[in-house]
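Novice:
Number of protein chains: 4
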Amino acid sequence: MYSFRDDYSEGAHPRILSALVETNLEQAVGYGEDRFCLQAAELIKKRLGREDVDIHFIPGGTQTNLIAISAFLRPHEAVIAPLTGHVEVHEAGAIEATGHKIITSPGSEGKLTPADVERAVETHTDEHMVKPRLAYISNATEVGSIYTEAELRALSQACREHKLLLFMDGARLGSALTSSKNDLTLGKIAALVDAFYIGGTKNGALIGEALVICTDSLKEDFRFHIKQKGAMLAKGRLLGIQFRELFRDNLFFELAQHANAMAAKIQDALFQLGCELLLFSSSNMLFPILPNRVLDQLAEKYSFTVSQPMDADHSMIRLVTSWATRESAVDELIQDLRSLL
Amino acid sequence: MYSFRDDYSEGAHPRILSALVETNLEQAVGYGEDRFCLQAAELIKKRLGREDVDIHFIPGGTQTNLIAISAFLRPHEAVIAPLTGHVEVHEAGAIEATGHKIITSPGSEGKLTPADVERAVETHTDEHMVKPRLAYISNATEVGSIYTEAELRALSQACREHKLLLFMDGARLGSALTSSKNDLTLGKIAALVDAFYIGGTKNGALIGEALVICTDSLKEDFRFHIKQKGAMLAKGRLLGIQFRELFRDNLFFELAQHANAMAAKIQDALFQLGCELLLFSSSNMLFPILPNRVLDQLAEKYSFTVSQPMDADHSMIRLVTSWATRESAVDELIQDLRSLL
Amino acid sequence: MYSFRDDYSEGAHPRILSALVETNLEQAVGYGEDRFCLQAAELIKKRLGREDVDIHFIPGGTQTNLIAISAFLRPHEAVIAPLTGHVEVHEAGAIEATGHKIITSPGSEGKLTPADVERAVETHTDEHMVKPRLAYISNATEVGSIYTEAELRALSQACREHKLLLFMDGARLGSALTSSKNDLTLGKIAALVDAFYIGGTKNGALIGEALVICTDSLKEDFRFHIKQKGAMLAKGRLLGIQFRELFRDNLFFELAQHANAMAAKIQDALFQLGCELLLFSSSNMLFPILPNRVLDQLAEKYSFTVSQPMDADHSMIRLVTSWATRESAVDELIQDLRSLL
Amino acid sequence: MYSFRDDYSEGAHPRILSALVETNLEQAVGYGEDRFCLQAAELIKKRLGREDVDIHFIPGGTQTNLIAISAFLRPHEAVIAPLTGHVEVHEAGAIEATGHKIITSPGSEGKLTPADVERAVETHTDEHMVKPRLAYISNATEVGSIYTEAELRALSQACREHKLLLFMDGARLGSALTSSKNDLTLGKIAALVDAFYIGGTKNGALIGEALVICTDSLKEDFRFHIKQKGAMLAKGRLLGIQFRELFRDNLFFELAQHANAMAAKIQDALFQLGCELLLFSSSNMLFPILPNRVLDQLAEKYSFTVSQPMDADHSMIRLVTSWATRESAVDELIQDLRSLL
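Chains as they are written, first to last, in my numbering: chain A, -7 to 333; chain B, -7 to 333; chain C, -7 to 333; chain D, -7 to 333.
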């Protein structure tokens, strides 16, 4: 059984494990103030081309979202998110548990548009309603699409006009930035959003996300929030060592590139076979619609998620590739698809 | 510079790193439902001598405390804790951030007594006050003391009389259970408390605490709370692999025993030198009171925490040993203390 | 300028003020434990035909909703509400501020249906999402419709099947129960929901809602929640005296009947004039769609709310009548509508 | 049975009821934006000698505290309060329920001192702890003492030095300002604190507190917080009409003066009888220590609260007078004390 279920089925990239082994007995101070974290932050700042950002390493994505959002907002302020946004759907009410409402907007292919933002602002007019304050987006999105520079720039402008913060969930930012359709860079993103995170967990690390706070007014006392929400690891080094390794050279991007390449290979085959997909994916997640009888047979050899039934005979599934996806497994899957379709 | 500052200055015990390396490319399902977590839970249950407990692996201690307490309590219910309790002092208001008040009691040597519990219950009489519902204790405590079986039994009985839950923070449970003064076991603890956790982070793991829920009514839907608070790791395997290794044989206990032995060696030397300590420690933390001029000289070679000034010329410091503490460093410290005192 | 803006533009029904004046210098214990509150609760229980309910008087509607919902739910549990539900739209995020997500469903004419409930349950399948636990409905609804017995019975059954609590916001329950289309009674409601409230503020009282808790498991410690959320008035008598007066005889129902009759009179006239309405109203709120030029002229003599523009020339407005609406004002409005349309 | 139990045993001062009756059928807009609220706010501003404050009317004291504090603080910030502070003891965890820890300090006679503030600041040094941000005081205090101008000035200075907000709970501010020992005014208070409230409920109103926000940065969006916490009354006029009446002339102060005079009369008699008191009271609350056998006999004619047992034979009780306390009842109580002691 080979899994195309997600991008966190394996451990970490071997270079990361080696880095952990090599540094293991070096003593370091706790709680994210160690030299590994400092060096990792410096490497990321260099990559952004900016010194004036704050970088914090946080174990997981839901945690990063809830800490950042609850730190940034006052009690009556709300988040605008697309209906498919991770904070809306798959975080067990984490944002609401910190006291904040999420205003959903339909979005387009999983992406929030300036029109979504404007609608939210226009329909929230007084103190009987929450006050929209932060637009939440994911790049790559939860349905495998990515933001172009033009799209992000337009959204950023709409947010600034309405005094909204713009926050990017980058759980799969590696995949977005190495997509064939991408024209953004870490530096451009930092210029257009108020804060974002660079996902490690889904791109080769054991755990860890690097939160980048770009806007000065959001930086103050941020470590208090990390601690209060239980995300300040005693052995903060665990996060620093991993991100230092990912950004020491191009490892972070190479791993994402491999994931994308594997997904593209499957997508090409699916297109050749006339298979319909939810949308043309330029990241590491595909949502093909396949006959149930084919899915039953695939399920004997491969693990994947059924997204939703489409009709009596067809279902949409989610296929995910990762830094660790074996090309031979991809080839075998394609072979099997060819013989079944 | 050698650090006696804490028990999380190094990475993980080498056997744990090896286990991570060996299993690295095995695919596993996410979010703590992998075989490694299941096996680790089974090993711990065996050690407890009970099958009827629920075990959840959570990245850190503050997080485990806040998830468990907020899951167990209704909004008007409060925690009783000693003044030195970690939840009261060093969690940046994590418990209050989930909505619950902490009622502090003086305690005795960092331990909560039945009298503390009774005072809290007696002084909270009606709906104008919070309702005490959970007694929080740490074993070993934040000042290095441990609970005897008699003490824990008496406290457990007081709690049950007053319908209070008893929760044990076991960040340093390994040290407590391998203390020369200890007469508790994991099984006895499970019989006397409603929930407790077994700390990995401070006893050889990279991260990770194993929460054990003993009381049936507290078990329902617990995974929702882990997810909502951002503590459900996509690569939950990271926790399972580590705890499987710690409990595959006696590694967990051997690591704690080493830490205790190193602390005892330093404590013996301090006593021989006529040095005063906050209390006789039977765990891996010592709080000696030393002349400031001695501390200034020690600080050139060793890293440690100054707990508090005692008078113009003396301060209390905290010395902590761990599974990784080198005996040669301990010997050198003792040598230096002898020549300075 | 005469206001049809809402049902809280005046003070209280004169009998209520008289009752406050008459009892004014009688001493009574505080915090809702006075004889007035006890007597009022007894009168309501008699009207329900049940002794086994708990009744609490709370100053306002948003407050009643937030206290009840946060007391009834555990942290991971969520509310299901129609898109037009007061808790979703017009409470400034009050429910989320207590930590709970609201799952919205389209509903039908402002009412939640068994299908809405089932969809919410089916799409929330695991601990990555919130757990639906309470269905929130309003009767009369925010758009002026009411639940029939058959509708409420079907919804109640769907909730019980899925172990959901059913909670009815009765801010305008008086209007619903005296509607010409109504076949429910307070007793039938108490049998079908887990808790509901009887609105005083919008039916002749200065302030005050009577929360009725029908299900035993929801009753425990409820006064703690009232106090914690700041809703336990020192002079709780203020609420008791008013509800005692409303339920001493049929005053509560007579006041609502007057409001309904006034609305019906306007609605009849609008229909005769061929005016379109959002829906046929059987309560005290109407949502007619009128030409903007007519609205401009009406606005010189009458105060009302513009709900939303429908096209370039027409808008939907909200007209509300109350216990205090003068029939002469209604007649004048009708006259004016006739001359303008 | 005559009650000296509290200052909210009766309804409202007759002039307030008359004002409600007279204005009853005048239509007004809802939610605190009516002319009565505006006029009341103007009258209070005139009394303060300042136009640059924001005034909000809120139904109750616990509610005012929780709304103001949760609106003013970010999630990691904490309140400093004396051990006897209402927010610490008697609000059922209302502040913690909004997410904030209360740091208690011993205080002196129920009052917070600059030393208390400094201790709190000094012992909260980093992000592992909460960050002290707001000092909470009550005037009059919960034990009947009041702040002198010098005390408040010193405390205000200490707060400003440490960038702490100073908030005054004025549930019994009328009593404090009309005390024979008082040298503060509403204007002086407004200059020394960041926000405070003027209590109506305990000084002749049915319900209602007037929150005065003095510091600009705390004013923004405040009505959102009132709404979100359920404290924005549909019939906001109820609060405006009452405060307009209290501040139309000197009624507010006259009512408090009567309460103080009645308490002073009892205190004088107690001193003459050699009775010990917790402290010399200059407000409307007395805490005498009396023999239990005397208390048993008093309890047959008078209602009061037993504060705490002092020894086997004596207890401290709380006696409270109000605007409504009958002088003849006071005289009778004194007579009875004389014959019993």
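Virtual Cβ for every residue (Gly too), placed ideally from N, Cα, C.
From a predicted model like this one, the values you see are computed outputs, not experimental measurements.
Along the chain, which unbroken stretches of the alpha helix (DSSP H) at least 4 residues long are found entirely within the stretch 161 to 216 of chain C?
Specialist: The stretch 161 to 216 of chain C contains these whole alpha helix (DSSP H) runs: 165 to 169, 178 to 184.
Novice: Less than 9 Å between the beta carbons of B:Leu334 and B:Leu265, yes or no?
Specialist: Residue 334 of chain B lies beyond the residue range present for chain B, which begins at -7 and ends at 333; the question has no answer from this structure.
Novice: When DSSP labels each residue in this structure, what does D:Gln300 get in the three-state scheme?
Specialist: As a position in the fourth sequence, residue 300 of chain D is number 308, starting the count at 1. Of the three classes helix, strand and coil, the one that applies to D:Gln300 here is strand, per DSSP.
Novice: So if DSSP puts C:Ser46 in a beta bridge, which residue, or which two residues, is it bridged to?
Specialist: Mapped onto the third sequence, residue 46 of chain C falls at position 54. Note on residue identity: the sequence assigns Asp, not Ser, to residue 46 of chain C. Its beta-bridge partners are C:Ile205.
Novice: Counting only beta-carbon atoms, is B:Gly266 nearer than 9 Å to chain D?
Specialist: In the second sequence, the residue the question calls residue 266 of chain B occupies position 274. It does not; no Cβ of chain D falls within 9 Å.
Novice: Determine the direct distance from the alpha carbon of D:Met121 to that of B:Leu9, and round the result to whole angstroms.
Specialist: Position 17 of the second sequence, counting from 1, holds the residue named residue 9 of chain B. Position 129 of the fourth sequence, counting from 1, holds the residue named residue 121 of chain D. If you take the alpha carbons of B:Leu9 and D:Met121, they lie about 32 Å apart.
Novice: How would you list, in chain order, the residues of chain B whose beta-carbon sits under 8 Å from the beta-carbon of C:Arg215?
Specialist: In the third sequence, residue 215 of chain C corresponds to position 223, counting from 1. Within chain B, the residues near C:Arg215 are Glu119.
Novice: In whole angstroms, give me the CA-to-CA distance for B:Ile199 and B:Pro51.
Specialist: For the purposes of this step, residue 199 of chain B is taken as residue 207 along the second sequence, with counting starting at 1. For the purposes of this step, residue 51 of chain B is taken as residue 59 along the second sequence, with counting starting at 1. Straight-line Cα distance between these residues: approximately 6 Å.
Novice: Quick one: measure Cβ to Cβ for D:Lys155 and C:Tyr0, integer angstroms, because I've assumed they're closer than 8 Å.
Specialist: Numbered from its first residue, the fourth sequence carries residue 155 of chain D at position 163. Numbered from its first residue, the third sequence carries residue 0 of chain C at position 8. In fact, because the Cβ distance is near 42 Å, the residues do not count as touching under 8 Å.
Novice: So which residues on chain C does A:Val122 lean against when the C-beta distance must stay under 7 Å?
Specialist: Position 130 of the first sequence, counting from 1, holds the residue named residue 122 of chain A. Ala84, Gly85, listed in chain order.
Novice: Considering only residues of the stretch 29 to 73 of chain D, which uninterrupted beta strand (DSSP E) runs meet the minimum length of 3 residues and lie entirely inside it, listed in chain order?
Specialist: 46 to 50, all fully within the stretch 29 to 73 of chain D.
Novice: Determine the contact status of D:Leu147 and D:Ala168, defining contact as a CB-CB distance below 9 Å.
Specialist: By 1-based counting over the fourth sequence, the position of residue 147 of chain D is 155. By 1-based counting over the fourth sequence, the position of residue 168 of chain D is 176. No.
Novice: Does the distance from the C-beta atom of D:Asn131 to that of D:Leu158 stay below 9 Å?
Specialist: On the fourth sequence, residue 131 of chain D is found 139 positions in, with the first residue counted as 1. On the fourth sequence, residue 158 of chain D is found 166 positions in, with the first residue counted as 1. For D:Asn131 and D:Leu158, no; Cβs fall outside 9 Å.
Novice: By the three-class DSSP mapping on this structure, what secondary structure does D:Pro98 have?
Specialist: Taking the fourth sequence and counting its residues from 1, the one referred to as residue 98 of chain D is at position 106. If DSSP states are grouped into helix, strand and coil, D:Pro98 belongs with coil.
Novice: Determine the closest residue to D:Ser209 out of D:Lys37, D:Gln300, D:Ala4, D:Ala60, with distance taken between C-alpha atoms.
Specialist: Walking along the fourth sequence from the start, residue 209 of chain D turns up at place 217. Here the closest residue by C-alpha is D:Ala60.
Novice: With a 10 Å radius around its C-beta and 16 neighbouring C-beta atoms as the bar for buried, classify D:Met160 as buried or exposed.
Specialist: Mapped onto the fourth sequence, residue 160 of chain D falls at position 168. D:Met160 comes out buried.
Novice: By alpha-carbon positions, which one of D:Leu30, D:Pro283, D:His116 ends up nearest to D:Arg240?
Specialist: The residue you call residue 240 of chain D lines up with position 248 of the fourth sequence. The shortest Cα separation from D:Arg240 among D:Leu30, D:Pro283, D:His116 belongs to D:Leu30.
Novice: Exposed or buried, which one is A:Asn252 when buried takes at least 16 other CB atoms within 10 Å?
Specialist: Mapped onto the first sequence, residue 252 of chain A falls at position 260. So A:Asn252 counts as buried.
Novice: Using a Cβ cut-off of 9 Å (strictly closer), state whether B:Leu278 contacts chain A.
Specialist: As a working mapping, residue 278 of chain B is identified with position 286 in the second sequence. Taking Cβ atoms only, chain A never reaches closer than 9 Å to B:Leu278, which makes this a no.
Novice: Beta carbons nearer than 7 Å to chain C: which residues of the stretch 88 to 107 of chain A have them?
Specialist: Result list: Glu88, Ala89, Gly91, His92, Lys93.
Novice: Whether or not the stretch 177 to 190 of chain D and the stretch 41 to 55 of chain D are in contact is what I'm after, with contact meaning three or more pairs of Cβ atoms, one per stretch, closer than 8 Å; do they touch?
Specialist: Yes, they touch.
Novice: What residues of chain C sit near B:Lys293, judged by a beta carbon separation below 9 Å?
Specialist: For the purposes of this step, residue 293 of chain B is taken as the residue at position 301 of the second sequence. What B:Lys293 touches in chain C: nothing, since even the nearest Cβ is about 49 Å away.
Novice: Assuming D:Gly136 contacts D:Ser(-5) under a Cβ cut-off of 8 Å, what Cβ separation, rounded to an integer in Å, is found between them?
Specialist: Start at 1 with the first residue of the fourth sequence, and residue 136 of chain D comes out as number 144. Start at 1 with the first residue of the fourth sequence, and residue -5 of chain D comes out as number 3. Between D:Ser(-5) and D:Gly136 the Cβ distance is about 18 Å, and since that is not below 8 Å, they are no contact.
Novice: Would you mind reading off the limits of the alpha helix (DSSP H) that contains B:Lys123?
Specialist: Walking along the second sequence from the start, residue 123 of chain B turns up at place 131. No alpha helix (DSSP H) contains B:Lys123, which is instead part of the beta strand (DSSP E) from 123 to 130.
Novice: Return no unless some Cβ of chain B is closer than 9 Å to the Cβ of C:Ser209.
Specialist: One-based indexing of the third sequence puts residue 209 of chain C at position 217. Not closer than 9 Å to any Cβ of chain B, the Cβ of C:Ser209 fails to qualify, so no.
Novice: Candidates A:Ser273, A:Leu12, A:Ala163, A:Cys267: which alpha carbon is nearest A:Val286's?
Specialist: Residue numbering aside, residue 286 of chain A sits at position 294 when the first sequence is read from its first letter. The shortest C-alpha separation from A:Val286 is found at A:Cys267.
Novice: Pick out the complete beta strand (DSSP E) segments inside the stretch 285 to 332 of chain B, 3 residues or longer, and give them in chain order.
Specialist: The qualifying runs are 297 to 301, 306 to 312.
Novice: Chain B partners of C:Gln220, CB-CB under 7 Å?
Specialist: Looking up residue 220 of chain C in the third sequence gives position 228. Simply Pro67, His68.
Novice: Alpha carbon to alpha carbon, how far is D:Cys151 from A:Ala11? Give it in angstroms, no decimals.
Specialist: One-based indexing of the first sequence puts residue 11 of chain A at position 19. One-based indexing of the fourth sequence puts residue 151 of chain D at position 159. Computed Cα separation, rounded: 48 Å.
Novice: For C:Leu332, which option in C:Ser171, C:Leu311, C:Asn284 has the closest C-alpha, if you only look at C-alpha atoms?
Specialist: Taking the first residue of the third sequence as 1, we reach residue 332 of chain C at position 340. Checking every option, the nearest Cα to that of C:Leu332 belongs to C:Asn284.
Novice: Hey, quick one: how far does the beta strand (DSSP E) through D:Ile87 stretch, first residue to last?
Specialist: Looking up residue 87 of chain D in the fourth sequence gives position 95. Run containing D:Ile87: none in the beta strand (DSSP E); it sits in the alpha helix (DSSP H), 86 to 89.
Novice: Looking at chain C, which residues of the stretch 307 to 331 of chain A have a Cβ within less than 8 Å of any of its Cβ atoms?
Specialist: Taking 8 Å as the Cβ-Cβ cut-off against chain C, none of the residues of the stretch 307 to 331 of chain A qualify.
Novice: Does the beta carbon of A:Val81 come closer than 9 Å to any beta carbon on chain C?
Specialist: By 1-based counting over the first sequence, the position of residue 81 of chain A is 89. Chain C, which has a Cβ nearer than 9 Å to the Cβ of A:Val81, makes this yes.
Novice: DSSP on B:Ser1, reduced to helix/strand/coil?
Specialist: Indexing the second sequence from 1 puts residue 1 of chain B at position 9. In the structure shown, B:Ser1 sits in coil (DSSP, three-state: anything other than H, G, I, E or B).
Novice: Among B:Thr297, B:Phe235, B:Leu269, B:Val312, whose alpha-carbon lies nearest the alpha-carbon of B:Glu101?
Specialist: Along the second sequence, read from residue 1 onward, the residue named residue 101 of chain B stands at position 109. Comparing Cα positions, the closest option is B:Leu269.
Novice: Hey, A:Leu238 and A:Gly191 are a contact pair by Cβ (cut 8 Å); roughly how many whole angstroms apart?
Specialist: The residue you call residue 238 of chain A lines up with position 246 of the first sequence. The residue you call residue 191 of chain A lines up with position 199 of the first sequence. Their Cβ separation, rounded to whole angstroms, is 10 Å, which puts A:Leu238 and A:Gly191 out of contact at 8 Å.
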